[in-house]
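> Got a structure for you, questions after.
Residue numbers (the UniProt record's numbering): 1 to 788.
Right under this line is the structure:
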């Protein structure tokens with residue numbers, strides 16, 4: 001018997017014996033109840049979902065429906081219902097449509113986990129593909145594609161091929177979504193899947209377009225030739241596609257624009273002068289010669305179409321769509337048009353904190369290259385007390401980027417408030433931001449230095465330490481002007497306890513010891529007393545200070561430097577010991593290293609470049625804006641860099657779509673005459689269509705006897721009418737050929753000005769057709785009168 005069994009037996013016996021005053025009858029009742037109570041602890045798993053299984057196995061439809069609703073509710077709450085798979089899958093043959101829908105919802109969730117059991121019902125899924133209900137057909141295909149077993153690849157391929165030709169757009173959308181799953185299961189089917197994707201891309205239903213582009217991105221993202229014929233239609237229908245489909249289409253169109261159009265911000269030399277060049281050169285005679293030889297790039301009409309069709313999506317309720325459109329404009333649009341995304345991005349700052357963080361990160365990168373875009377919205381980046389730490393840091397970074405001579409006073413007042421924030425880390429970041437403003441705007445450098453020196457008197461060690469570090473970096477830019485500040489900092493060396501701040505002060509003393517020659521040896525003497533107790537970073541700077549003072553004045557500091565080196569020789573840190581041996585060999589062993597000892601002063605006191613006050617927040621501009629890799633700062637799985645603009649644009653004719661010839665349309669119109677017209681094209685007057693048919697006229701001519709002259713006149717009239725009709729047909733055909741437009745114009749009648757470089761004479765052509773119909777009607781009426 002195990003330890004657990006013995007403990008359970010002991011506890012049970014103790015409970016059965018209970019209290020000493022209990023009767024034998026009560027002990028017998030406890031003996032009868034106790035086993036049930038102990039078994040109830042373990043029966044929870046044994047009888048789990050037993051009631052639901054019984055309801056699923058019953059013959060009553062209402063019980064099965066109630067059970068399936070409970071199961072779907074469990075899944076929605078995140079509870080595991082995988083053990084119900086055998087009981088649920090049996091009800092897939094139910095005739096009740098509601099039960100069947102819920103069963104397919106369950107199977108879509110667990111088909112991938114329970115693949116062996118799902119394979120047993122694969123015949124049922126295939127029958128579901130033939131169901132009259134489009135929801136059942138789509139659900140069956142979705143479940144079938146969720147079974148990741150290589151043995152059914154052929155079945156999945158056949159199902160996807162048939163579903164791609166389904167009459168229901170919802171089923172075709174499901175087929176497009178299943179393509180990526182099948183491709184992941186068997187990449188060798190790529191060629192066959194591309195054929196299906198080509199057909200789905202040309203689908204005229206907006207429900208299918210987003211999923212078709214998603215399949216294209218998964219299977220063959222490099223086959224740009226598949227997009228050419230569908231480019232203009234996708235641009236026009238973009239506003240009507242579902243939100244998540246818009247994301248996929250926008251990403252694809254961004255890559256397409258970067259590969260098919262040239263950079264809209266470039267200029268190039270104009271080799272061929274236009275007709276008006278002579279007049280222009282006379283007017284601009286005082287301009288530079290280079291500006292005369294260059295002109296701005298003229299944007300392609302399809303490039304302009306993309307920007308025009310994506311602009312309305314900046315008002316989308318989906319923040320991801322707005323971010324993707326902003327990304328598209330950032331990478332594809334001219335600089336003069338990028339500003340239109342600013343208001344939409346500022347609107348997203350009222351969303352959840354997670355969304356704010358990603359939006360602010362993107363704004364940081366955009367503002368770094370285009371500061372003028374977000375300048376008018378400076379107050380939107382002020383930090384609030386309830387902002388998260390990441391939001392605070394990004395807002396602080398944006399304010400630093402947007403700082404200029406006109407708004408620096410307002411921004412510095414904000415930064416001074418942030419320094420006094422209870423969040424000490426954020427206060428340190430604000431001090432660092434002040435230093436960056438001082439380094440980029442020379443007009444306020446002195447004021448910022450005085451303010452930072454004043455912060456050194458604060459009691460908060462974090463603020464003092466960060467102030468010293470920033471002052472040190474600013475002094476390196478122009479140390480000759482700020483000798484008094486250096487002396488003031490030296491006096492603070494005893495009060496500053498933060499290791500980084502003490503190390504910065506010691507570095508300043510050693511670097512500019514010639515300006516404070518009276519203070520430097522005393523500082524070294526004080527540091528030598530507490531050398532063993534200092535941090536490694538401080539010890540390192542004490543050694544540097546000792547070596548620099550020895551080079552400047554060896555007679556006064558020889559013994560002190562030797563003492564410091566002896567302390568460092570036995571330090572516990574091996575880096576300190578190694579540096580001590582290096583400096584000792586450089587300064588005191590001239591016979592062994594004569595070349596180094598001779599140039600010791602140049603080595604230790606070499607002029608150093610001014611440091612760059614870069615942002616502490618790490619940027620990830622090496623990744624495409626708005627991608628997961630950009631957010632996390634490292635390349636994610638499947639990440640691809642955005643391609644560069646080509647040197648020459650592609651031929652716009654590849655995006656033209658061939659329309660049906662005119663003769664075919666006329667043939668169809670003759671087979672299916674319009675309302676109010678006869679098959680011959682004549683207007684219907686409400687009388688029987690055969691009232692003036694040729695057969696009846698021939699019969700009347702045969703039955704009646706008249707002079708031959710009238711028959712010849714009738715024949716001549718008919719020949720003239722046929723010639724006139726043929727002339728009219730030729731004129732109509734020529735007009736239609738002139739007014740031939742692209743397919744996407746015919747699909748989207750709401751935007752008649754989509755293609756910029758095509759004439760629109762539809763109104764004139766309609767007027768000419770109406771006038772010709774009126775003339776033909778008048779001629780027919782006169783002919784009928786003559787015949788009567």
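Beta carbons: idealized from backbone N, C-alpha and C, even for Gly.
Determine the extent of the alpha helix (DSSP H) in which residue 180 is found, giving its start and end residues.
To locate residue 180, count along the chain shown from 1; it is residue 180. Where residue 180 is concerned, the enclosing alpha helix (DSSP H) stretches over 169-185.
> When you compare only the Cα positions, how much space is there between residue 221 and residue 190?
Numbered from 1 along the chain shown, position 221 holds the residue referred to as residue 221. Numbered from 1 along the chain shown, position 190 holds the residue referred to as residue 190. Distance between the alpha carbons of residue 221 and residue 190: 12 Å.
> Using alpha carbons as the reference points, say which of 156, 95, 658, 97 lies closest to residue 122.
As a first step, residue 122 must be located in the chain shown, where it is residue number 122. Out of 156, 95, 658, 97, 156 has the C-alpha closest to the C-alpha of residue 122.
> Taking the alpha carbon of residue 499 as the point to measure from, which residue in 469, 324, 192 has its own alpha carbon closest?
Position 499 of the chain shown, counting from 1, holds the residue named residue 499. Residue 499 has its Cα closest to that of 469, out of 469, 324, 192.
> Leaving aside the five residues before and after residue 503 along the sequence, list all residues of the same chain whose C-beta is less than 6 Å from its C-beta, in chain order.
On the chain shown, residue 503 is found 503 positions in, with the first residue counted as 1. Within the same chain, residue 503 has close Cβ partners 537, 538, 541.
> Do residue 173 and residue 213 have their C-beta atoms within less than 9 Å of each other?
Counting from one through the chain shown, the residue named residue 173 turns up at place 173. Counting from one through the chain shown, the residue named residue 213 turns up at place 213. Not closer than 9 Å, so no.
> Straight-line CA distance for residue 58 to residue 64?
As a position in the chain shown, residue 58 is number 58, starting the count at 1. As a position in the chain shown, residue 64 is number 64, starting the count at 1. Roughly 7 Å between the two C-alpha positions.
> For residue 57, report the span of its alpha helix (DSSP H) as first-last.
In the chain shown, residue 57 corresponds to position 57, counting from 1. 50-57 is the extent of the alpha helix (DSSP H) around residue 57.
> Tell me the residue span of the alpha helix (DSSP H) that contains residue 422.
Translated into positions along the chain shown, residue 422 becomes position 422. No alpha helix (DSSP H) holds residue 422; DSSP gives it neither H nor E.
> Is there contact between the region 321-339 and the region 354-373, where contact requires at least three CB pairs shorter than 8 Å?
yes
> Leaving out five residues before and five after residue 340 in sequence, what residues of the same chain have Cβ atoms less than 8 Å from its Cβ?
Reading the chain shown from its first residue, position 340 is the one you call residue 340. Correct list, in chain order: 311, 314, 329.
> Taking residue 143 as part of the alpha helix (DSSP H), name the residues at either end of that continuous run.
Position 143 of the chain shown, counted from the start, is the residue given in the question as residue 143. Taken as a continuous stretch (DSSP letters only), the alpha helix (DSSP H) holding residue 143 covers 134-146.
> Just how far apart, CA to CA, sit residue 627 and residue 254?
The sequence position of residue 627 within the chain shown is 627, counting from 1. The sequence position of residue 254 within the chain shown is 254, counting from 1. So the alpha carbons of these two residues sit roughly 13 Å apart.
> On a CA-only basis, which of 321, 379, 146, 133 is nearest residue 170? Give me that one, please.
In the chain shown, counting from the first residue as 1, residue 170 sits at position 170. Of the candidates 321, 379, 146, 133, the one whose C-alpha sits nearest the C-alpha of residue 170 is 133.
> So residue 229 and residue 657 are supposed to be a Cβ contact under 8 Å. How far apart are they, rounded?
Position 229 of the chain shown holds residue 229. Position 657 of the chain shown holds residue 657. The Cβ separation is near 6 Å, so the contact holds.
> Rounded to the nearest angstrom, what separates residue 94 and residue 86 at their Cα positions?
What you label residue 94 is simply residue 94 of the chain shown in a count that begins at 1. What you label residue 86 is simply residue 86 of the chain shown in a count that begins at 1. Straight-line Cα distance between these residues: approximately 15 Å.
> Find the nearest neighbour of residue 486 within the set 494, 216, 475, judged by alpha-carbon distance.
Position 486 of the chain shown, counting from 1, holds the residue named residue 486. Of the listed residues, the one whose Cα sits closest to residue 486 is 475.
> Take residue 231 and list the residues in its own chain whose beta-carbon comes closer than 6 Å to its own, dropping the five residues that flank it on each side.
Counting from one through the chain shown, the residue named residue 231 turns up at place 231. The residues are 655.
> Please return the same chain residues whose Cβ sits closer than 7 Å to the Cβ of residue 111, not counting the five positions on each side in sequence.
Counting from 1 along the chain shown, the entry for residue 111 is found at position 111. Excluding sequence neighbours, residue 111 sits near 118, 143, 146, 147.
> With a Cβ-Cβ cutoff of 9 Å, do residue 449 and residue 463 count as a contact?
Here residue 449 is taken as the residue at index 449 of the chain shown, counted from 1. Here residue 463 is taken as the residue at index 463 of the chain shown, counted from 1. Against a cut-off of 9 Å, the Cβ pair of residue 463 and residue 449 comes out as no contact.
> Compute the distance between the beta-carbons of residue 415 and residue 405, then report whether it is under 9 Å.
In the chain shown, counting from the first residue as 1, residue 415 sits at position 415. In the chain shown, counting from the first residue as 1, residue 405 sits at position 405. Contact: no.
> As a quick exercise: from 104, 592, 512, 586, pick the residue whose alpha carbon is nearest that of residue 478.
Along the chain shown, one-based indexing puts residue 478 at 478. Checked all of 104, 592, 512, 586; the closest Cα to residue 478 is 512.
> Within its chain, find whatever has a CB closer than 8 Å to the CB of residue 373; leave out the 5 residues flanking it on each side and keep chain order.
Here residue 373 is taken as the residue at index 373 of the chain shown, counted from 1. Apart from sequence neighbours up to five positions away, the residues of its chain that approach residue 373 with a beta-carbon distance below 8 Å are 338, 339, 341, 342, 366, 367, ordered along the chain.
> Considering only the beta carbon of each residue, do residue 576 and residue 568 sit closer than 9 Å?
On the chain shown, residue 576 is found 576 positions in, with the first residue counted as 1. On the chain shown, residue 568 is found 568 positions in, with the first residue counted as 1. Yes.
> Starting from residue 218, trace the alpha helix (DSSP H) both ways and give me its first and last residue.
As a working mapping, residue 218 is identified with position 218 in the chain shown. Unbroken alpha helix (DSSP H) run through residue 218: 206-219.
> Tell me whether residue 599 is buried or exposed, calling it buried when 16 or more other Cβ atoms sit within 10 Å of its Cβ.
Locating residue 599 in the chain shown gives position 599, where the first residue counts as 1. By the 10 Å Cβ count, residue 599 comes out exposed.
> Locate the alpha helix (DSSP H) running through residue 802, then write down its first and last residues.
For residue 802 there is no data in the structure shown, the boundaries of the chain being 1 and 788.
> Given this structure, state the Cα-to-Cα distance separating residue 489 from residue 501, to the nearest angstrom.
Reading the chain shown from its first residue, position 489 is the one you call residue 489. Reading the chain shown from its first residue, position 501 is the one you call residue 501. Counting only the Cα atoms, residue 501 lies some 10 Å from residue 489.
> According to DSSP, is residue 90 part of a helix, a strand, or is it coil?
Taking the first residue of the chain shown as position 1, residue 90 is located at position 90. Note: residue 90 maps to helix in three-state DSSP.
> Look at residue 108 and residue 139 and say whether their C-beta atoms are less than 9 Å apart.
Here residue 108 refers to the residue found at position 108 of the chain shown. Here residue 139 refers to the residue found at position 139 of the chain shown. Cβ distance < 9 Å, so residue 108 and residue 139 count as in contact.
> Does the beta-carbon of residue 432 have 16 or more other beta-carbons within 10 angstroms, so that it is buried, or is it exposed?
Against the chain shown, residue 432 aligns to sequence position 432. Burial call: buried.
> Could you check if residue 572 is buried or exposed, using at least 16 other CB atoms within 10 Å of its CB as the buried criterion?
As a first step, residue 572 must be located in the chain shown, where it is residue number 572. With fewer than 16 other Cβ atoms within 10 Å, it is exposed.
> Shortest alpha-carbon distance to residue 378 belongs to which of 360, 603, 589, 385?
Residue mapping note: residue 378 aligns to position 378 of the chain shown, counting from 1. Nearest option by C-alpha distance: 360.
> In this structure, does DSSP put residue 624 in helix, strand or coil?
Within the chain shown, residue 624 is the residue found at index 624, counting from 1. In this structure, residue 624 counts as coil in the three-state DSSP scheme.
> According to DSSP, is residue 476 part of a helix, a strand, or is it coil?
Taking the first residue of the chain shown as 1, we reach residue 476 at position 476. Look at residue 476 here: in three-state DSSP terms it is coil, with no helix or strand label.
> Taking only the alpha-carbon atoms, compute the straight-line gap between residue 177 and residue 153 and give it to the nearest angstrom.
Here residue 177 refers to the residue found at position 177 of the chain shown. Here residue 153 refers to the residue found at position 153 of the chain shown. Taking the straight line from one Cα to the other gives about 15 Å.
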